[in-house]
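Structure record follows, encoded as structure tokens.
In the working numbering, the protein residues as written are 7 to 363.
Right, here's the structure in full:
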């Protein structure tokens, strides 16, 4: 019997999870179809998989029509494993309200474990989905602490990416690059602390901070004003708009450290330390780049194996220290990423064993 799987993403994000799952499923002998919003079209052109796009959000009626078409395709093509890439929300709930043959198994990926029991939509989704992936062992520990009955949970790390063409980027030999990946928006990262620290402590001349994402319009004036007022423009590499994948990943791979900028004073701190991951983590994990994390993260296994740590008040001092002592930095870096979980075969086996359990 031919093994068939479908990955379904009804939202407009989390496409970073596609490639690893497609890779795992194909290696295990599955035929794979991907269903997702047309919003993701440009971000999925590198995937070697049959992809079917839908326009969601135009109206409730067209959404139902699109969900009906996906259901029809799944049943007609005898797909028996359906992976809901973002197993939450009204569209997923509505999709699962349709009747399906009992031989079709639904498996979900949860991006915010804090909602697994709180959302009324999630309670309906849980009736059809009995197995869930979360995206880190830290989040899995949180899920297990809830002692949810009748569900299976495991973690996987979507940290594998295709080989993008390298963009022509010049990095001077002596420069030390700190990368803050992702859209520049205040609610996700503590840019205020970074900027305040830079006004109080001089950053070493060889250090550049890369804000690797488009800048949110409402913080752009304040950010530019601060950089200009304190003559910090020459310490940053900034991007005004969307960054093509080849440019994005070239800057990322050439960076010496990834800085998540998540601090205990942030409203998102509990989420990013317990119930969900920051995209910064996986971007570092993908290329075995050391993270520079606030010391509160030092108790978590993922970060013990991958990170340097700092106290918030000494952020710039820590950056200067690491950039000044290249020999120490490279020696410490060589001891990181030793856990088996960062290897492809480990993640492949764990993912497929769970899918087929």
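Virtual Cβ for every residue (Gly too), placed ideally from N, Cα, C.
These numbers were taken from a predicted model, which means no experiment stands behind them.
Quick one: what does DSSP say residue i is sitting in, helix, strand or coil?
| i | result |
| --- | --- |
| residue 343 | coil |
| residue 387 | No answer is possible for residue 387: it lies beyond the span of the chain, which begins at 7 and ends at 363. |
| residue 264 | strand |
| residue 320 | helix |
| residue 368 | No information on residue 368 is available, as it lies outside the stretch 7 to 363 that the chain covers here. |
| residue 43 | strand |
| residue 283 | coil |
| residue 358 | helix |
| residue 249 | coil |
| residue 122 | coil |
| residue 106 | coil |
| residue 243 | strand |
| residue 93 | coil |
| residue 152 | coil |
| residue 328 | helix |
| residue 256 | helix |
| residue 348 | helix |
| residue 147 | helix |
| residue 129 | helix |
| residue 64 | coil |
| residue 272 | coil |
| residue 232 | helix |
| residue 16 | coil |
| residue 53 | coil |
| residue 26 | helix |
Just the C-alpha distance for residue i and residue j, rounded to the nearest angstrom, thanks.
| i | j | result |
| --- | --- | --- |
| residue 224 | residue 245 | 15 Å |
| residue 100 | residue 57 | 21 Å |
| residue 345 | residue 308 | 9 Å |
| residue 36 | residue 177 | 42 Å |
| residue 84 | residue 10 | 7 Å |
| residue 40 | residue 14 | 6 Å |
| residue 336 | residue 152 | 40 Å |
| residue 147 | residue 92 | 20 Å |
| residue 230 | residue 18 | 29 Å |
| residue 228 | residue 181 | 27 Å |
| residue 46 | residue 331 | 42 Å |
| residue 179 | residue 334 | 17 Å |
| residue 347 | residue 258 | 21 Å |
| residue 89 | residue 12 | 6 Å |
| residue 163 | residue 98 | 22 Å |
| residue 114 | residue 234 | 46 Å |
| residue 238 | residue 215 | 10 Å |
Give every residue of the same chain whose Cβ lies closer than 6 Å to the Cβ of residue i, excluding the five residues on either side of it in the sequence, and list them in chain order.
| i | result |
| --- | --- |
| residue 297 | 264, 290, 312, 313 |
| residue 324 | 316 |
| residue 306 | 144 |
| residue 134 | 102, 112 |
| residue 251 | 170 |
| residue 280 | 148 |
| residue 294 | 343 |
| residue 201 | 232 |
Who pairs with residue i in a beta bridge, going by DSSP?
| i | result |
| --- | --- |
| residue 4 | With the chain represented from 7 up to 363, any question about residue 4 goes unanswered, as that position is not in the structure. |
| residue 11 | 38, 87 |
| residue 59 | 42 |
Whose C-beta lies closer than 8 Å to the C-beta of residue i among residues of the same chain, with five residues either side of it excluded?
| i | result |
| --- | --- |
| residue 285 | 22, 187, 188 |
| residue 166 | 25, 26, 29, 292, 350, 353 |
| residue 154 | 122, 123 |
| residue 304 | 310, 313, 315 |
Near residue i, what residues of its chain come up, given a Cβ to Cβ distance below 7 Å and the 5 sequence neighbours on each side ignored?
| i | result |
| --- | --- |
| residue 358 | 30, 34 |
| residue 322 | 203, 204, 207, 209 |
| residue 299 | 266, 309, 313, 315 |
| residue 212 | 180, 181, 182, 329 |
| residue 121 | 94, 128 |
| residue 269 | 196, 199, 275, 300, 318 |
| residue 192 | 225 |
| residue 282 | 117, 118, 119, 145 |
Compare the C-beta of residue i against all C-beta atoms of chain D and say whether one is closer than 7 Å.
| i | result |
| --- | --- |
| residue 111 | Any reference to chain D falls outside this structure, which holds one protein chain only. |
My parser needs the beta strand (DSSP E) runs of 3 or more residues fully inside the segment 157–226; what are they? 158–161, 182–187, 213–218
Could you give the uninterrupted runs of the alpha helix (DSSP H) lying entirely in the segment 292–317, keeping only those of 4 residues or more? 307–310
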